[in-house]
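Residue numbers (UniProt numbering): 1 to 680.
All C-beta atoms, glycine included, are put in the ideal place defined by N, C-alpha and C.
See structure below.
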């Protein structure tokens, strides 16, 4: 596999003998570079040893072909090649980290992006992350970048979300390589590069999507490199991403940094002068920054005073408005109470009226239902009686037909008998018509009759009379049958009997007419009573509609009351919000005053304190312990003195710094006391 980095070969590094000769030639000037040369010497020896050990381990594991193994020589060569690459990259990472830490400590200030050891460190780290990357196919083509595994850190560690969002929001970065480099810069500035990479190594099942199984990040060398990166937390870096072309940078390792010659003592003096100038520029920038912040705070104070005056005016107007609204609210409450009393009274009156009307209506309805049931029973009985009468009439009609036959036989003898028979037929037809009229009238009475027990009694009497008349008719018919048998013998007697019967029939017809007239009168009276009942029902319906309209009006009044209550609650909320806004404005004013006092105290402190040089301090100011390689020097950003790590491990946010910075224990306690006194 071809990678876009240079592999360190044993031929490119100088021999140990040459390095020793150079040290003898320049013993005095090369004292400071002795550790670097020893590291280079160890690197060259480690490279040779790692190559031999890699071959041995490969032969033990089965990577190198043995006599009897089935692996091809091409596979074994590629595996040995990758192992050699991993060892070389790990050694180069050790050298770059060591030289970066030594140069940063000797320089004694924050590192910029133009610092050569820092640039070479990022180049070597980029090569380590690119080792063994899988090629991914996309629509555009094949891509191979190390920004993919770095994006996983945002999911595994939520603290890295700020880095990912800031990298994605940079408009200058257009490639994945540039985004990955920017991500490494920001992680180093946060001093969490080792933590983030350790999180990645803890989830190797996710890294297997991006790396080959024999990649550096998938093997033990990756864990070793993460352990080396922990030492970079000592360095303070200030890297500016704006204006740098991270997409088109070429990552080539410069070996001259690790094997460079010694410099003259003049360079040391120049380094001291540069350190002094840097400190001077740093103090000037601090003063400028403080002056800018003071001017900004003064402008803010002016703006706050103006806004405070406006808010006071608005508060006065709001208080007046609140008073007027409260008066209106009281008036509305009084009106609501009056409306409630009236509505409750009207509701009670209407309820009582409706109860009384309902009771009367129920009683009348029960009586009408009983009357209707009684009349319906009577009608059923009359129907039965009518059916019996119709049967009897049919029998009479049959008898009449027989009589007609007998009269035809007698027509030859006397024409008088024929005339009497025709008259009888006419009378029978009239009786039929009368019966039909009675039937129709009874049907009309079925639909109209619903009430009144008196009519029932009259109907019963009439039906009894009709039954008696029908019985008489039956007796007469029997007599007629007897007379028919002896018609020839008693012809004269029949004439007399027919004349008597005609008289009786006429009398019966007159009686029936009188009965029909009485029935018609009774029907008219019942119709009038029904109309009166219907009028009463219409009146009751009108009363119920009026009650419903009044109930609707009551519901409308209730809705208006609810609206007024909602408006009242809204006015209360507005008043509370205005009071909260006034309280917040007072808090803002108090905070701005406290900030002004803090700035004045910081200015006084800056006038009294001076930035102590690194060369002037050999012992910690607090614990009086001597500084060494393990006990480093640290400046207190408040007083400017130099302390060890244990005496200056606290961090606080100062007005001259946007983020929390290192502060000694004494300054930490003083600043905390000031903050507590200001807050109280």
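Coarse secondary structure for residue i, derived from DSSP in three states
| i | result |
| --- | --- |
| residue 720 | Given that the chain is displayed from residue 1 to residue 680, the structure contains no residue 720 and the question cannot be resolved. |
| residue 667 | helix |
| residue 36 | Because residue 36 sits at a pLDDT of 46, beneath the cut-off of 50, its placement in the model cannot be relied upon, and the following sentence gives the value as read from the coordinates. Note: residue 36 maps to helix in three-state DSSP. |
| residue 264 | Because the pLDDT at residue 264 is just 43, under 50, the model does not fix this residue reliably, and the point stays unresolved. |
| residue 244 | coil |
| residue 527 | helix |
| residue 252 | coil |
| residue 412 | coil |
| residue 67 | Residue placement at residue 67 is flagged as unreliable, the pLDDT there being 39, under the threshold of 50; the coordinate-derived value follows with that caveat. Residue 67 falls in the coil class under three-state DSSP. |
| residue 611 | coil |
| residue 313 | helix |
| residue 593 | helix |
| residue 108 | coil |
| residue 328 | helix |
| residue 520 | helix |
| residue 404 | helix |
| residue 474 | helix |
| residue 10 | Residue placement at residue 10 is poorly supported in this model, since its pLDDT is 44, which falls under 50; the coordinates still yield a value, given next. Three-state DSSP puts residue 10 in coil, outside helix and strand. |
| residue 357 | helix |
| residue 677 | helix |
| residue 382 | helix |
| residue 47 | Unreliable positioning characterises residue 47 in this predicted model, as indicated by a pLDDT of 46, which lies under 50. A coordinate reading is not provided. |
| residue 56 | Confidence is the limiting factor: at residue 56 the pLDDT is only 47, short of 50, which leaves the residue's position unreliable and the question unanswerable from this model. |
| residue 370 | helix |
| residue 31 | Residue confidence for residue 31 is low, a pLDDT of 44 falling below 50, so the modelled location carries little weight and cannot support an answer. |
| residue 26 | The predicted model places residue 26 with a pLDDT of 44, which falls under 50 and marks its position as unreliable, so this point remains unresolved. |
| residue 465 | helix |
| residue 489 | coil |
Under 9 Å between C-beta atoms of residue i and residue j
| i | j | result |
| --- | --- | --- |
| residue 437 | residue 505 | no |
| residue 650 | residue 639 | no |
| residue 145 | residue 165 | no |
| residue 463 | residue 385 | yes |
| residue 477 | residue 395 | yes |
| residue 389 | residue 470 | yes |
| residue 642 | residue 620 | yes |
| residue 186 | residue 167 | yes |
| residue 672 | residue 336 | no |
| residue 90 | residue 221 | yes |
| residue 334 | residue 568 | no |
| residue 100 | residue 118 | yes |
| residue 670 | residue 660 | no |
| residue 216 | residue 84 | no |
| residue 97 | residue 231 | yes |
| residue 108 | residue 614 | yes |
| residue 472 | residue 497 | no |
| residue 592 | residue 290 | no |
| residue 182 | residue 241 | yes |
| residue 474 | residue 392 | yes |
| residue 201 | residue 585 | no |
| residue 446 | residue 358 | no |
| residue 214 | residue 76 | no |
| residue 481 | residue 399 | yes |
| residue 218 | residue 206 | no |
| residue 543 | residue 369 | no |
Nearest-angstrom Cβ-Cβ length linking residue i and residue j, presumed shorter than 8 Å
| i | j | result |
| --- | --- | --- |
| residue 209 | residue 132 | Not a contact, Cβ separation roughly 12 Å. |
| residue 246 | residue 173 | 6 Å |
| residue 662 | residue 677 | The Cβ separation is near 23 Å, so there is no contact. |
| residue 571 | residue 308 | Not confirmed; about 25 Å, so no contact. |
| residue 203 | residue 156 | 6 Å |
| residue 180 | residue 152 | About 12 Å; that fails the 8 Å criterion. |
| residue 533 | residue 343 | Rounded, the Cβ-Cβ distance is 35 Å, inconsistent with contact. |
| residue 102 | residue 253 | Their Cβ separation, rounded to whole angstroms, is 18 Å, which puts residue 102 and residue 253 out of contact at 8 Å. |
| residue 540 | residue 372 | Not really, about 18 Å apart at Cβ, beyond 8 Å. |
| residue 297 | residue 596 | 6 Å |
C-beta neighbour in chain D for residue i, strict 9 Å
| i | result |
| --- | --- |
| residue 202 | No chain D is present in this structure, which holds just one protein chain. |
Specify whether the region 112-121 and the region 233-252 touch according to this definition: at least 3 beta carbon pairs, one from each stretch, less than 8 Å apart. yes
Ordered list of alpha helix (DSSP H) runs contained in the UniProt domain "RUN" (112-244), each at least 4 residues: 116-130, 147-156, 161-168, 176-189, 193-202, 204-207, 220-229
Mind the definition here: the region 311-324 touches the region 545-563 only if three or more C-beta pairs lie below 8 Å; say whether that holds. no
Ignoring anything shorter than 3 residues, give me the beta strand (DSSP E) runs that lie fully in the UniProt domain "FYVE-type" (614-672), in order along the chain. 650-653, 660-663
With three or more C-beta pairs closer than 8 Å as the rule, is the region 192-199 touching the region 221-229? yes
With a threshold of 8 Å, are at least 3 pairs of Cβ atoms found where one atom belongs to the region 610-626 and the other to the region 316-329? Counting Cβ pairs under 8 Å, fewer than three are found: no touch.
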